[in-house]
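Here the sequence shown is numbered in the numbering used here, starting from 3 and rising by one per residue. Okay, structure first, notes after.
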Amino acid sequence: MTDQPPRPPEAPVPVPGSPAAEPVNASALVRNDAGQYLMHLRDHLPGLIWEPGAWSLLGGGREPEDRSLEETVRRELLEEAGLDLPVLEPYAVEIATGTDSAPVPVAVYSGRWNGDPEQLTLTEGVMLRWFAPEVLHRLRLSRSTLDLVLRHAAEARGASSSTGEAAAPPPPLPSVLAVHAHPDDESLFSGGVLARHAAAGARTAVVTATWAEGTHRAEELARALEILGAGPPRLLGYADAKVPESAPGRPRFLDAPLDEAVGAVVAHIRAVRPQVVIAPDPYGGMTGHPDHVHAHRVTALAVRASGLARLHPEAGAPWQPSALYLATHPRSAAEVVGARLGRRGLPVDAFLVSDDAWITTTVDVTPWLPRKLAAILAHRSEVVRGAAPGRIAALSPDDRHLALSTEWYIRRDLALRSATDTALRA
Numbered sequence: 003m004t005d006q007p008p009r010p011p012e013a014p015v016p017v018p019g020s021p022a023a024e025p026v027n028a029s030a031l032v033r034n035d036a037g038q039y040l041m042h043l044r045d046h047l048p049g050l051i052w053e054p055g056a057w058s059l060l061g062g063g064r065e066p067e068d069r070s071l072e073e074t075v076r077r078e079l080l081e082e083a084g085l086d087l088p089v090l091e092p093y094a095v096e097i098a099t100g101t102d103s104a105p106v107p108v109a110v111y112s113g114r115w116n117g118d119p120e121q122l123t124l125t126e127g128v129m130l131r132w133f134a135p136e137v138l139h140r141l142r143l144s145r146s147t148l149d150l151v152l153r154h155a156a157e158a159r160g161a162s163s164s165t166g167e168a169a170a171p172p173p174p175l176p177s178v179l180a181v182h183a184h185p186d187d188e189s190l191f192s193g194g195v196l197a198r199h200a201a202a203g204a205r206t207a208v209v210t211a212t213w214a215e216g217t218h219r220a221e222e223l224a225r226a227l228e229i230l231g232a233g234p235p236r237l238l239g240y241a242d243a244k245v246p247e248s249a250p251g252r253p254r255f256l257d258a259p260l261d262e263a264v265g266a267v268v269a270h271i272r273a274v275r276p277q278v279v280i281a282p283d284p285y286g287g288m289t290g291h292p293d294h295v296h297a298h299r300v301t302a303l304a305v306r307a308s309g310l311a312r313l314h315p316e317a318g319a320p321w322q323p324s325a326l327y328l329a330t331h332p333r334s335a336a337e338v339v340g341a342r343l344g345r346r347g348l349p350v351d352a353f354l355v356s357d358d359a360w361i362t363t364t365v366d367v368t369p370w371l372p373r374k375l376a377a378i379l380a381h382r383s384e385v386v387r388g389a390a391p392g393r394i395a396a397l398s399p400d401d402r403h404l405a406l407s408t409e410w411y412i413r414r415d416l417a418l419r420s421a422t423d424t425a426l427r428a
């Protein structure tokens, strides 16, 4: 891909709606049948490439051998991603800003593709991902690209309704068991997904590692789960690492025998029989709390042990979930949220985050944000003492939306597959 291409010897083929300046760059607006758009995360090489470290459309500059801008964009798709679309149609000419801050006209072509970006051979940049238009504002991308995609999405929806096309019904949402360390973690990290799945009729449940029955935090948890539609609390009853009185007479979660804690989670997995399990990421979420880290370790072992009949036979019949989803925050989103809250004088911890390239699943939970927020605020004691729910209570509606309307996960497949490899692969 050439980021500052030479002007070709002949004039490019005109594109409908083009401005006076003729484009010498072309990009592809690739959409799937679910209404998502294929976005390309560029290498972070400031001063060397256009829009370093940002999400963008696939495309590049016209080469002398390209007979048209359509040939340019087709060549770029093949070179960058091995992608060959049967149909590409001229859509618009947009004005972008070049590396020298000069306006650069870019011919945009639209196409349709329903494949898996993970199966493409990416030769430039970091990754390719599908994104729904509603979550693009959370990504680092140029305003012109955001406006372009939103405009195309609105036109596509309008065309579909005017022709009477019936949208394909969404696939059923899987049953979910979330395993978290403390009361309030379920609402903060996965409350939107839990509310979404419960509203769609999927079974949802939550296992909480710390705080015993009868404590005020357990009572607040019960109210939060009622709001989220996630059933009654499933308490392991261990003590919080920093609050011994959270479970009088019980060891801290961190100090409990590992096999005992794993067996307790296995029992809940086999009882609920969820299709997917949610747990904290390996670093314990943005705060790195040791109980969060331990909840990840215990759950990662339990989701495998649950499917093996010889392990923890006292915990019920084996059950193998199909995937483990690790609740996390990408670096780009944490930087945006941290900058916003820091400007408002609110305390912001040093964030522990995941690289954007690790994120496999981005869920827009805006429709379920009122339930998620209500569940967070149901943890009244945490609101009063100024913990995370208290900080959220102090936010403006706009800042709450920014901080809570998207949830991110790293998927780990658990389904058994036949062994076909005969050597290790990089």
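Every residue, glycine too, gets a C-beta built ideally from N, C-alpha and C.
Annotation for Phe133: the continuous beta strand (DSSP E) segment containing it runs Met129 to Phe133.
Look at Gly265 here: in three-state DSSP terms it is helix. If you check the CB distance, Glu78 and Gly55 do not come in under 8 Å. Cβ neighbours of Ala317 within its own chain (closer than 7 Å, five residues either side excluded): Gly265, Val268, Ala269 and Arg272. Annotated as proximal: Arg252 and Tyr240, with beta-carbon spacing under 8 Å.
Closest option to Val151, judged by alpha-carbon separation, among Ala30, Leu404 and Pro292: Ala30.
Note on geometry: alpha-carbon atoms of Ala395 and Trp410 lie some 22 Å from one another. When DSSP reads this structure, Arg236 sits in a beta bridge with Val209. Note: Ala302 is not bridge-paired with any residue in the DSSP secondary-structure output.
Between the region 275-292 and the region 320-336 there are three or more inter-stretch CB-CB distances shorter than 8 Å, so the stretches are counted as touching. Collapsing the DSSP output to three states places Ala390 in a helix. Taking the Cα positions, Thr217 is about 7 Å away from Ser248.
Boundaries for Leu90: no beta strand (DSSP E) harbours it, and the DSSP string shows neither H nor E there.
The beta carbon of Pro176 sits closer than 7 Å to the beta carbons of Ala204, Gln277 and Val278 from its chain, once the five residues preceding and following it are set aside; these are given in chain order. One Cα belongs to Val245, the other to Asp293, and the distance between them is close to 11 Å. Contact fails between the region 291-308 and the region 385-395, because fewer than three Cβ pairs, one in each stretch, are under 8 Å apart.
Rounded to whole angstroms, the Cβ separation of Leu179 and Ala207 is 5 Å, and the two are in contact under 8 Å. Apart from sequence neighbours up to five positions away, the residues of its chain that approach Ala200 with a beta-carbon distance below 8 Å are Thr206, Leu230, Gly231 and Ala232, ordered along the chain.
Listed as beta-bridge partners of His42 by DSSP are Ser58 and Leu130. Across the set Pro372, Ile412, Ser398 and Arg219, the C-alpha of Arg219 shows the shortest separation from the C-alpha of Val386. If you ignore the 5 residues before and after Pro185, its C-beta comes within less than 7 Å of the C-beta of Thr210, Trp213, Arg219, Ala220, Glu222, Leu223 and His381, all in its own chain and listed in chain order. When rounded, the separation of the alpha-carbon atoms in Leu196 and Thr147 is 32 Å.
Per DSSP, reduced to three states, the secondary structure at Pro185 is coil, with no helix or strand assignment. A straight-line Cα-Cα distance of about 21 Å links Glu120 and Arg333. Within the same chain, Cβ atoms closer than 6 Å to the Cβ of Ala417 are found at Ser324, the five residues on either side in sequence being excluded.
In the displayed model, Leu416 falls within coil according to three-state DSSP, outside both helix and strand.
Residues of the same chain with their beta carbon placed closer than 6 Å to that of Ala36 are lacking, with the five preceding and five following residues left out of the count. Ala311 and Pro88 have their C-alpha atoms some 49 Å from each other. DSSP places Ala325 inside the beta strand (DSSP E), whose first and last residues are Ala325 to Thr330. Between Thr408 and Thr364, the CB-CB gap stays under 8 Å. With contacts defined as CB atoms closer than 8 Å, Leu256 and His296 qualify as a contacting pair.
Here Arg153 carries a helix assignment [DSSP, helix/strand/coil].
By the C-beta density criterion, Gly117 is exposed, having fewer than 16 other C-beta atoms within 10 angstroms.
When the alpha-carbon of His46 is set against those of Arg142, Pro105 and Val106, the nearest one is in Arg142. The C-beta distance from Gly286 to Leu354 rounds to 7 Å, short enough to fall under 8 Å.
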